[in-house]
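Below: the structure, in structure tokens.
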Amino acid sequence: MSSYVAQRNGETATAEDLAPLAFAGFAHFTAMQVRDGLVRGLDLHLDRLRTASLELFGDALPDDLIRSYLRKAIESGPSDVSLTVTVHLPGELEVLVRTRPPASGPAGPLKLTAVEHERVIPGIKHTGEMAKTYFRRQAVDEGFDDAAFVDRQGRLSEATIWNLAFWDRDTVVWPEAGLLRGTTMGIVQRRLEGLGVPQRVQEVTLAGLPGLGGAVVMNSWTPGVAVRRIGATPLPEAPSFVATLHRAYETEPLTRP
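Start counting the sequence shown at 5; every next residue gets the next number (the numbering used here).
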């Protein structure tokens, strides 16, 4: 079978099943790339879903049940897909699993505009995120590829659908601010530690960008796309930095849900 799927609680979703989700702003999700039926960082995705369900709904579905829904969706289509798991509470906890064509992200390097914005409940990957799309569209209209967020304290936090990471020519620098800790970010952090690559968390501001040796964005598509400019400040492309992030990510084993 070669078709992509939308499944509600492990069964094919009908239009009637999907209609309420068009208006369901109170839901959360995780997104992953599946290759040959396998996933990197499955434990991080399951932890994200469990933690968010407990925070939003006061209850969570068992990991084994979520895994069974993932397996069924993966077995129902191509072995390489982009897969999204959404959890919402129309009456009781329900899970929508959707598959789409696989993705690897843009080639880069990217130009990011900088906008003042702080996401609501930044630690949860939730569906109430109209501002991300709005700021991205504005950025493209202004000649940029996407937008990076600056909080009220002047700290860079994340980008619209990306985590940010920086390079000081020796150490990977993760921004200190309210942000969503992405699953790819979690994979890269633990694998860099295993490789002995130095890392630290610190406040990163627009004024401090000239002192850094590179920047990337990362999400479920890719562990690193070079950023050549944030706002008015150019940044070196730092190919060795990007290569290090990709190498770290690729040491994470692929697992079957």
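Even for Gly, the Cβ is constructed at its ideal location relative to N, Cα and C.
In the pairwise beta carbon analysis, the stretch 127–136 is classified as not touching the stretch 96–112: fewer than three pairs are separated by under 8 Å.
Cβ atoms of glutamine 206 and valine 177 come within 8 Å of each other, at about 6 Å. In this structure, alanine 17 keeps its C-beta atom at 7 Å or more from the C-beta atom of histidine 32.
Bridge pairing for tryptophan 171: Val176, Gly218 [DSSP]. In the three-state DSSP reduction, leucine 25 falls in the helix class (H, G or I).
Taking C-beta atoms as the reference points, glycine 190 and leucine 48 count as a pair closer than 7 Å. Contact check for valine 220 against valine 208 fails: the beta carbons are separated by 7 Å or more. Sixteen is the threshold: since fewer than 16 other Cβ atoms of the shown chains lie within 10 Å of the Cβ of glutamine 203, the residue is exposed. A distance below 7 Å separates the beta carbons of leucine 258 and arginine 44. Rounded to the nearest whole angstrom, the C-alpha separation of alanine 10 and aspartate 21 is 10 Å.
The Cβ atoms of serine 83 and glycine 109 lie no closer than 7 Å to each other. The DSSP assignment places 134–145 as complete runs of the alpha helix (DSSP H) inside the stretch 82–164, in order along the chain (cut-off: 4 residues).
DSSP, read as helix, strand or coil, puts alanine 236 in coil. In the assembly as shown, proline 227 is a buried residue. Its beta-carbon has 16 or more other beta-carbons within 10 Å. Between valine 119 and phenylalanine 148, the CB-CB gap reaches or exceeds 7 Å.
As summarised for the stretch 182–221, the continuous beta strand (DSSP E) elements at least 3 residues long and confined to that stretch are 203–206, given in chain order. Leucine 46 counts as buried, since no fewer than 16 other beta carbons sit within 10 angstroms of its beta carbon.
Ranked by Cα distance from methionine 222, the options Ala163, Val201, Trp171, Pro214 are led by Ala163.
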